[in-house]
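This report refers to the structure that appears directly beneath it.
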Ligand code: ADP
Ligand code: MG
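Numbering (our numbering), first residue to last: 30 to 318.
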């Protein structure tokens, strides 16, 4: 991959040198080959990859009940681009995102994200990994209700030790980038669903992570707003990797790649016959399908 790929991009969505550091390819020459990749990943990769999962399983146990949510997942995802993760309700989509984003540990298997193996890391080290490497976007936005848009976007930077002025500046830039320059001091309840999701996307970008994970980000939005959110995510994916869970096939088609999951296993096409996840908030929502 050629480092000059992103040199003509704007500064907000582009931190190519940071990304190179995050994935450990700072010293790689242009036209990198497999043997130039990090030793931990060479057995999976022909090109630098932001995610490499090998034989990942996740088993939930509730008393006597055992649920195999992920069942031997092998997946590599290259730097940059949009991947749609599609599957029926209960197929393991959220479990997979949580494992990739270090919000949960797999029961078995190896998870390498941005050149870092997550398996043997302490909770504290996973927390700092999440802060720096992953931005999450949720179906229900998950903004802090008593903070305004600017403060919501500043918050992850505060956790990351960024000085107040710099936090303010970047949060303003990001909110303007997602079209909300006129809404800086609005609280979440004073914003539409689409606007709240744009704040959440700006917040996910706050610490400039190489990876954005979005779990049904359009599930609570009408189709036109959902389309706009997708286009925003798609644009963001020119500079970093975006994995987006969706059950709206037309939106999945916008992605660079579609990964299908069924019963905790990846499949080559959509095998789901079961109904997809319902939106959380029926009143606000006009689902796609
Ligand atoms: P999806 O996001 O595709 O709807 P999930 O990854 O949330 O699917 O869930 C996969 C399976 O794991 C489901 O059968 C679900 O009920 C089960 N599951 C998810 N989280 C838990 C948990 N914390 N404890 C027990 N079972 C769980
Ligand atoms: Mg889910």
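Beta carbons: idealized from backbone N, C-alpha and C, even for Gly.
Just so we're clear, the structure is a prediction, and the values are computed from it rather than from any experiment.
For residue i and residue j, which I take to be in contact (beta-carbon distance under 8 Å), what is that distance rounded to the nearest angstrom?
i, j, result
"residue 234", "residue 164", "6 Å"
"residue 100", "residue 292", "7 Å"
"residue 87", "residue 136", "5 Å"
"residue 139", "residue 270", "So it is not a contact: roughly 18 Å between Cβ atoms."
For residue i, count neighbouring Cβ atoms within 10 angstroms of its own Cβ and tell me buried if that reaches 16, exposed if not.
i, result
"residue 13", "Outside the shown range of the chain, which is 30 to 318, sits residue 13, and nothing can be said about it."
"residue 284", "buried"
"residue 156", "exposed"
"residue 159", "buried"
"residue 89", "exposed"
"residue 77", "buried"
"residue 297", "exposed"
"residue 310", "Reliability of the predicted coordinates at residue 310 is poor, the pLDDT of 39 falling under 50, and the value obtained from them is presented with this limitation in mind. That one is exposed."
"residue 95", "exposed"
"residue 268", "buried"
Excluding the five sequence neighbours on either side, which residues of its own chain have a C-beta within less than 6 Å of the C-beta of residue i, listed in chain order?
i, result
"residue 217", "172, 174 and 225"
"residue 152", "none"
"residue 320", "With the chain running from 30 to 318 in the structure shown, residue 320 is simply not present."
"residue 29", "Outside the displayed range of the chain (30 to 318) lies residue 29, so it cannot be described from this structure."
"residue 36", "Confidence is the limiting factor: at residue 36 the pLDDT is only 31, short of 50, which leaves the residue's position unreliable, though a coordinate-based value still follows. The answer is none, since no qualifying residue turns up."
Excluding five sequence neighbours on each side, which residues of the same chain lie with their C-beta closer than 7 Å to the C-beta of residue i?
i, result
"residue 245", "168, 274, 275 and 306"
"residue 257", "223"
Since residue i sits in a beta bridge, which residues does DSSP pair it with?
i, result
"residue 78", "107"
"residue 291", "294"
"residue 85", "102"
"residue 140", "82"
"residue 272", "112 and 242"
"residue 167", "244"
"residue 91", "94"
Go through its chain and collect everything with a Cβ distance to residue i's Cβ below 8 Å, but skip five positions before and after it.
i, result
"residue 195", "186"
- Item | Ranges of the beta strand (DSSP E) found wholly within the region 97-128, counting only runs of at least 3 | 110-115
- Whole beta strand (DSSP E) runs in the region 234-264 with 3 or more residues, listed along the chain? 240-244
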